[in-house]
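K.L.:
Here it is, the structure in full.
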Amino acid sequence: MTKTYRLQIGNNYEIPLPDEFCEEFNIIIGDILRCELINNSKDISLVKHDDQTLSDTDIIASGNLTRVIPYEQGK
2 MTKTYRLQIG NNYEIPLPDE FCEEFNIIIG DILRCELINN SKDISLVKHD DQTLSDTDII
62 ASGNLTRVIP YEQGK
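To convert, take the position in the sequence shown, counting from 1, and add 1; that gives our numbering.
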């Protein structure tokens with residue numbers, strides 16, 4: 002059974018990832034994630050991308066990738 006997390010999207014469309022989530026899926030600052038809408042729902046899937054060497058330009062051009070950055074609540 003796949004574990005799911007409920008995360009709230011912030012005002013600037015950021016998605017804060019809880020430490021537990023990052024530890025479970027071995028996600029660290031700088032990792033590239035693939036974001037996909039799940040059919041017929043408001044949910045998205047975040048999966049570690051196979052190629053972690055992409056540039057920021059490549060990430061932007063893809064349209065569905067994002068890089069994990071440090072997040073400070075309230076900023």
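From the three backbone atoms N, C-alpha and C, an ideal C-beta is built for every residue, glycine too.
For P17, which residues in the same chain have their Cβ closer than 8 Å to its Cβ, ignoring the five residues on either side in sequence?
P.N.:
These residues qualify, in order along the chain: L8, Q9, G11, Y72 and Q74.
K.L.:
By Cβ distance, which residues of its chain are closer than 8 Å to N27, with the 5 residues on each side in sequence left out?
P.N.:
Only K49 meet the Cβ criterion.
K.L.:
Taking the C-alpha atoms as reference points, what is the distance between I45 and L34?
P.N.:
Computed Cα separation, rounded: 12 Å.
K.L.:
Determine the extent of the alpha helix (DSSP H) in which T5 is found, giving its start and end residues.
P.N.:
Unbroken run through T5: none, as it is neither H nor E.
K.L.:
When the Cα of S5 is compared with those of P19, E15, N13 and I70, which residue comes out closest?
P.N.:
According to the sequence shown, residue 5 is Thr rather than Ser. Taking only the C-alpha atoms, the option nearest T5 is P19.
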